[in-house]
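Mapping of the sequence shown onto our numbering: position 308 corresponds to residue 302, and the numbering continues sequentially without gaps.
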Amino acid sequence: MSKSQKKKNIPGDATKHKVRSLVQFCADTGNIWLHEHRMLLIHAEAQGAMRRELIDTLGMSRARALLMRMGFASGVQDAEVFKRQLEGVSDQEAFLVGTQLHTLEGVAKVTTLELEVDRAAGKFSGQFMWENSWEGNWHMRHYGPHSAPTCWSQLGYACGYTSALMGRPILYKEVECIGRGDKHCRTVGKPLEEWDDTEEFKRIFHPDPIADELRELQTQVVELRSAINEKEKLPADVVGKSPAFLTAYGLLKQAAGSQITVLLQGETGVGKEVFARTLHERSTRSKAPFIAVNCAAIPHDLVESELFGVEKGAYTGALASRPGRFERASGGTLFLDEIGDLPLPAQAKLLRVLQEGEIERLGDHKVRKVDVRLVAATNIDLKQLVSEGKFRSDLYYRLNAFLVKIPSLSERKEDILLLAERFVEKYAAIQGKKLRGFTDKAKRALLAYPWPGNIRELQNMVERGVILAQHGARIELDQMFSSTADEANVEYSVSSTGNLDLNHSSAGKALCEAVLEGGLTLEQVESMMIRAAVEKEGGNLAASARALGLTRPQLAYRLGSLQQKGEGSFRLQDPFVNPDIC
-5 MSKSQKKKNI PGDATKHKVR SLVQFCADTG NIWLHEHRML LIHAEAQGAM
45 RRELIDTLGM SRARALLMRM GFASGVQDAE VFKRQLEGVS DQEAFLVGTQ
95 LHTLEGVAKV TTLELEVDRA AGKFSGQFMW ENSWEGNWHM RHYGPHSAPT
145 CWSQLGYACG YTSALMGRPI LYKEVECIGR GDKHCRTVGK PLEEWDDTEE
195 FKRIFHPDPI ADELRELQTQ VVELRSAINE KEKLPADVVG KSPAFLTAYG
245 LLKQAAGSQI TVLLQGETGV GKEVFARTLH ERSTRSKAPF IAVNCAAIPH
295 DLVESELFGV EKGAYTGALA SRPGRFERAS GGTLFLDEIG DLPLPAQAKL
345 LRVLQEGEIE RLGDHKVRKV DVRLVAATNI DLKQLVSEGK FRSDLYYRLN
395 AFLVKIPSLS ERKEDILLLA ERFVEKYAAI QGKKLRGFTD KAKRALLAYP
445 WPGNIRELQN MVERGVILAQ HGARIELDQM FSSTADEANV EYSVSSTGNL
495 DLNHSSAGKA LCEAVLEGGL TLEQVESMMI RAAVEKEGGN LAASARALGL
545 TRPQLAYRLG SLQQKGEGSF RLQDPFVNPD IC
């Protein structure tokens, strides 16, 4: 292979830098990120101890299959991260990011020997050498030479990354391995159907029979519990396992079997109407209508006609008689949301309905009997309104007969991800997308956010994320949040020398603050940036200009200006000539 061919099989500096920059270390939170997916630094010996226990417990074949599946899942995850990050790069360079990740993650140094990749045509063929293979060295040290290759999770990773990137099954085989006494490890990859003996590998990538047996036992346990607790099953729209939620839901279940008036109290967006509908569905009135009214949305002069009905000619514009919400809900449940906004005259009539079960339409003296279960809701303290003279005390005591306080989402931390996943299912079905949930960083942000808008805000935010997410991917942080609580945490990325440097976003904010607070001038910042670029590129003027987003003449002009101002000399490979300055 010629030097030019080999050069094509090496990721460009810009791509290498981008890959390194996506690995971020946050000393403040103890998190390591690969883009938005949480990573771990694990002692190789601890990982080896786990591998040894798997081999000793499950046997060599089962341990091999399990570790290959683990590696496959890791490869798919990395491919998913970089599919979005590397849009616009060549197929070859997009693939080679996987080899760089393998190296960056400390698994092995990967050298590309041969590579042909065309995603559009579905063509792939590659041959790679692994040096310093962690798995091969470990297996040789602890078990001696094996009869077959031993870099199991690495092989699974290669299959997973390439299959995800190509959109079709790509199978790798390790044809040389230091774990069986070879000088180095070498792998060959090509589409599954191009191999002659694939049945063994197909079995490896299927769940192990022991896992099936465990799952079967688990299913039986779940079915038994389900049979015992069938009456405790939550309705489809009600999601939660937090103590605060379960307390409120427990009260709701107790009220469902009676006819008592229920008052639901909670902040805006906590799901009061969902609780009211659940109460109705669990009651003996579930076959009858459920009518919901938002009292705050009805003009005060129309409240009585909306609730109690109106007779023809009762007022200008009443061209026909029509029943109110109480009549329409007769036999069922009437839900009055934001009941604290009812005007006092309507409150007096509502009290009579609750006491006597009778209504009179506006403009009519005929008494009509109604059989309605009332559920009221408020996001404010009705007792405070009573003390202010804005709410009748007798109505308050009647409504407060059975109070259920619905907790805010900030009090239901355990339920946030459950709710979010339910909303993903709902909106992904509406959008016709198949999504894989959320990235680790997105989950962390969901849990850290205070949710002033409660479940309604979470629902809207997840819907936005579903719309913006790519089909088959995970919802990322910036697809839901415009800003996050993590902005104050300083994160570091890996430099080309292997050192930890400030992540660009954190460093950029610190630099802006330094300039705005008078610590640095723009000229000083420009000088620092130019000097850093020239030093990084080893004095190559053209490469330095590209790194700074400038043309070579533009950078030459700035260098000349800095030298003229006495900012020092720059060691360049190709000295510039600028007669107007020099």
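Glycine included, each C-beta is placed from N, C-alpha and C at the ideal position.
For P185, the beta-bridge partners assigned by DSSP are I164. Pairwise C-beta distances place the stretch 109 to 128 in contact with the stretch 140 to 150, as three or more of them are shorter than 8 Å. T515 is classed as exposed because its beta carbon has fewer than 16 other beta carbons within 10 Å across all chains shown.
Counting the other Cβ atoms within 10 Å of the Cβ of V361 gives fewer than 16, which makes it exposed. Taking the Cα of W27 as reference, the smallest distance to any Cα among H37, V75, M54, R45 is reached at V75.
At a cut-off of 4 residues, the continuous stretches assigned as alpha helix (DSSP H) that sit fully inside the stretch 377 to 408 are 387 to 393. When the alpha-carbon of Q425 is set against those of E457, K407, W445, the nearest one is in E457. In the three-state reduction of the DSSP assignment, K363 falls in the strand class, which pools E and B. The beta carbon of D358 sits closer than 6 Å to the beta carbons of E305 from its chain, once the five residues preceding and following it are set aside; these are given in chain order. If only complete runs of 4 or more residues are kept, the stretch 327 to 374 shows the alpha helix (DSSP H) at 338 to 350, in order along the chain. Note that the C-beta distance between L345 and L389 is below 8 Å.
When rounded, the separation of the alpha-carbon atoms in E321 and A442 is 46 Å.
By the Cβ test, the stretch 19 to 34 is not in contact with the stretch 52 to 59, since fewer than three Cβ pairs between them sit closer than 8 Å. K363 and E352 have their C-alpha atoms roughly 5 Å apart.
Sequence-distant Cβ neighbours of L257 in its own chain, meaning closer than 6 Å and more than five residues away, are A370, L393, N394, L397. Looking from the CA of A102, the closest CA among T93, L109, I49, L440 belongs to T93. The Cβ atoms of I400 and F329 lie no closer than 8 Å to each other. Just so you know, the alpha carbons of D365 and A342 end up roughly 18 Å apart. Take the alpha-carbon of M455 and the one of E350: they are about 45 Å apart. For E108, the enclosing beta strand (DSSP E) stretches over residues 103 to 112. The three-state secondary structure of R180, taken from DSSP, is strand. Counted as a single uninterrupted DSSP element, the stretch harbouring A323 is not any alpha helix (DSSP H), since DSSP gives it neither H nor E. Excluding its 5 nearest sequence neighbours in each direction, P143 has C-beta neighbours in its own chain below 7 Å: E168, C171, G173, R174, listed in chain order. Excluding its 5 nearest sequence neighbours in each direction, V13 has C-beta neighbours in its own chain below 6 Å: V91, Q94, listed in chain order. The beta carbons of I449 and G265 sit about 5 Å from each other, so the pair counts as a contact at 8 Å. A Cβ-Cβ distance of about 28 Å is found for the pair R367 and S236, leaving them out of contact under the 8 Å criterion.
Here the stretch 267 to 277 does not lie against the stretch 290 to 303, with fewer than 3 beta-carbon pairs under 8 Å apart. Per DSSP, reduced to three states, the secondary structure at A88 is helical. In the structure shown, the three-state DSSP call for S119 is strand. Rounded to the nearest angstrom, the Cβ distance from Y155 to D72 is 6 Å, consistent with a contact under 8 Å.
In this structure, the alpha-carbon of T372 lies about 58 Å from that of S84.
DSSP, reduced to helix, strand and coil, places W128 within a helical segment of the structure shown. If you ignore the 5 residues before and after D112, its C-beta comes within less than 8 Å of the C-beta of D85, F118, all in its own chain and listed in chain order. The Cβ-Cβ distance between A550 and S538 does not fall below 8 Å. For S476, the closest C-alpha among the options H465, L356, R468, A439 is that of A439. Cβ neighbours of A250 within its own chain (closer than 7 Å, five residues either side excluded): L273, R276, S277.
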